[in-house]
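Just below is one structure, and these are the notes that go with it.
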Ligand SMILES: *Cc1c(COP(=O)(O)O)cnc(C)c1O
């Protein structure tokens with residue numbers, strides 16, 4: 166049969182829809198796929214039809230179900246909402262290059278700008294986020310956040326001179342009397358360490374200032390002030406708040422008052438305040454009901470940051486790759502990533518800045534469109550309802566684990582902080598992540614392997630308090646609380662009985 170994109174797409178959909186519920190491919194399928202790969206570049210191409218058959222029949226059986234299965238709880242992956250998939254196919258089919266704002270030639274930059282401003286509304290961040298861009302993910306956004314921080318904290322001490330983006334970091338630091346730039350965090354995501362290396366601060370510049378052994382995700386504000394005071398000795402700081410932290414889902418701050426305090430300290434000592442909210446920032450978009458009031462008050466005040474990282478391909482359930490970066494100062498952002506001296510790229514004065522002056526890339530994918538489609542199709546209520554189901558499942562799993570004799574629920578704030586007469590308070594802090602271990606050490610050592618080898622659910626392994634731990638992250642739009650709880654219970658009960 167002749168090759169056509171349309172019939173090809175029907176074949177893709179029927180493969181996805183007939184895929185089993187298994188979250189991982191069978192080990193034998195992976196081996197078969199690997200064996201089917203060509204040994205080298207073919208001299209004479211196979212042609213479209215044969216290549217299509219190879220992709221569909223040989224390659225796809227080797228894929229995992231991370232984005233299409235209902236019960237993949239590894240990492241934080243999200244799923245793909247159907248309308249996001251449609252939008253993503255439009256993106257590929259029309260392949261707009263969203264780098265220069267050319268409003269007479271393509272509406273893509275205007276749609277991207279609209280998607281970004283609707284995201285700011287979804288997250289209830291208020292006005293003033295003039296610098297905003299889609300990135301390839303939270304890692305790209307964290308690179309921008311730290312780069313803006315570097316620019317701001319050095320320029321702060323040498324006002325009126327050309328910025329770091331012009332002078333370069335070494336010369337600017339000398340002029341400013343800066344001998345060290347430190348990044349203050351609590352359990353910062355690994356990508357912050359990568360970002361610190363990329364922008365020349367170094368991975369060693371991250372410093373953890375935990376509130377306590379029992380709440381290591383929470384920032385200790387007294388230690389923060391001690392660190393910020395080092396500015397007098399030429400040590401300047403970027404504060405990078407985990408919101409939420411990837412192992413526990415918990416937040417570096419626990420209420421608006423804490424954010425206000427941190428904001429005031431950053432202003433006093435000339436520090437930059439960045440929030441890594443890859444998935445956790447979306448707790449602000451939960452329905453405003455008593456059920457979620459604890460998470461909503463925990464995440465209050467994050468809008469006081471100078472810059473914010475978020476992910477699209479996690480909670481928003483759009484395809485890879487998509488993240489976003491927001492900052493209050495468009496001019497600061499463009500002083501870091503501006504693409505100067507290319508007259509042919511100029512778009513003239515406009516309310517929509519050209520993306521090439523707001524982000525890392527020049528030529529770039531129209532990755533805004535799936536986000537635009539999801540925001541439009543679901544609206545605030547529809548997304549709130551998806552986020553609510555995810556939290557309900559995570560809380561139901563927490564309760565199950567808490568009362569299970571074979572398991573231990575980890576990363577709980579000390580009971581003394583809580584109303585001990587009300588067991589619900591244990592779970593109210595749960596967002597979408599549940600961290601736990603098996604009480605029997607022998608079982609615990611192989612718990613993740615036992616669970617994942619069922620291929621019914623997939624979980625991530627991590628370390629907690631020096632021991633192996635297991636982590637469930639609920640992030641797909643497909644959550645059905647009762648159905649999924651039942652499956653998780655049966656897998657977790659089952660793996661103890663071996
Ligand atoms: C996932 C995650 C990142 C990295 O995001 P990518 O989209 O994989 O680049 C950074 N920070 C946090 C808190 C995350 O959860």
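Residue numbers (the working numbering): 166 to 663. Glycine residues also receive a C-beta, built at the ideal position from the N, C-alpha and C atoms. Remember, predicted model here, so these are calculated numbers, not experimental data.
### Task
Could you tell me whether the stretch 439-452 touches the stretch 390-402, where touching means 3 or more Cβ pairs closer than 8 Å?
At 8 Å Cβ cutoff, the stretches do not touch.
### Query
Hey, how far is the Cα of residue 467 from the Cα of residue 209?
Looking at the backbone, the Cα of residue 467 and that of residue 209 are separated by about 57 Å.
### Query
Taking Cβ to Cβ, would you say residue 529 is nearer than 8 Å to residue 264?
Yes. Within cutoff.
#### Entry: Span separating the alpha-carbon of residue 250 from that of residue 170
One alpha carbon belongs to residue 250, the other to residue 170, and they sit about 16 Å apart.
### Message
Can you find the residues in the same chain that come closer than 7 Å, C-beta to C-beta, to residue 610, ignoring five residues on each side of it along the sequence?
### Response
In the same chain as residue 610, and ignoring 5 residues on each side of it, the C-beta atoms closer than 7 Å to its own belong to 633, in chain order.
### Query
Does the Cβ of residue 324 have 16 or more other Cβ atoms within 10 Å, making it buried, or fewer, making it exposed?
So residue 324 ends up on the exposed side.
### Task
Tell me whether residue 258 is buried or exposed, calling it buried when 16 or more other Cβ atoms sit within 10 Å of its Cβ.
Exposed, because fewer than 16 other Cβ atoms sit within 10 Å of the Cβ of residue 258.
### Query
How about residue 407: is its Cβ closer than 7 Å to a heavy atom in ligand 1?
Relative to the non-hydrogen atoms of ligand 1, the Cβ of residue 407 comes within a distance shorter than 7 Å of at least one.
### Message
Between which residues of its own chain and residue 622 is the CB-CB distance below 7 Å, once the five residues before and five after are set aside?
### Response
So the list reads 188, 236, 238, 616, 652, 653, 656, once near-sequence residues are dropped.
### Cβ separation of residue 302 and residue 488, assumed to be a contact under 8 Å, to the nearest whole Å
Contact between residue 302 and residue 488 holds: their C-beta atoms lie close to 4 Å from each other, under 8 Å.
### Message
Taking 7 Å as the cut-off, is the C-beta of residue 241 nearer than that to any heavy atom in ligand 1?
### Response
Result yes, Cβ under 7 Å from ligand 1.
### Task
Taking residue 634 as part of the beta strand (DSSP E), name the residues at either end of that continuous run.
For residue 634, the uninterrupted beta strand (DSSP E) segment begins and ends at 632-638.
### Task
List the DSSP bridge partners of residue 677.
With the chain covering only 166 through 663, there is no way to say anything about residue 677.
### Message
Only counting the same chain, and skipping five residues up and downstream in sequence, which positions put a Cβ closer than 6 Å to that of residue 560?
### Response
The residues are 592, 595.
### Task
Say yes only if the C-beta of residue 640 is nearer than 7 Å to one or more non-hydrogen atoms of ligand 1, and no if none qualify.
The answer is no for residue 640.
### Message
Report the start-end ranges of each beta strand (DSSP E) in the stretch 381-452 that is 3 residues or longer and not cut off at the edges.
### Response
Correct list: 400-407, 437-441.
### Message
Does the beta-carbon of residue 292, which I'm using as the reference point, lie nearer than 7 Å to any heavy atom of ligand 1?
### Response
No, ligand 1 has no heavy atom inside 7 Å of this Cβ.
### Message
So within the stretch 285-356, which uninterrupted beta strand (DSSP E) runs reach at least 3 residues, ignoring any that extend past its ends?
### Response
The qualifying runs are 296-300, 345-350.
### Task
Flag this pair as yes or no: are the beta carbons of residue 597 and residue 636 separated by less than 8 Å?
Contact: no.
### Query
Which runs of the alpha helix (DSSP H), 4 residues or longer, sit entirely within the stretch 450-514?
Here the runs fully enclosed are 458-463, 495-502.
### Task
Just grab the DSSP bridge partners of residue 212 for me.
Looking at the DSSP output, residue 212 shares a beta bridge with no other residue.
### Task
Tell me, to the nearest whole angstrom, how far the beta carbon of residue 464 is from that of residue 408; I am working on the premise that it is less than 8 Å.
Their Cβ separation, rounded to whole angstroms, is 7 Å, which keeps residue 464 and residue 408 in contact under 8 Å.
### Task
For my contact list, residue 500 and residue 328 are in at a C-beta cut-off of 8 Å; report their separation, rounded to the angstrom.
The Cβ separation is near 5 Å, so the contact holds.
### Query
Going by the C-beta, is residue 444 closer than 7 Å to any heavy atom of ligand 1?
If you check the C-beta of residue 444 against ligand 1, you find a heavy atom less than 7 Å away.
#### Entry: residue 558 vs residue 566 beta-carbon contact at 8 Å
Their beta carbons are not under 8 Å apart, which means residue 558 does not touch residue 566 by this criterion.
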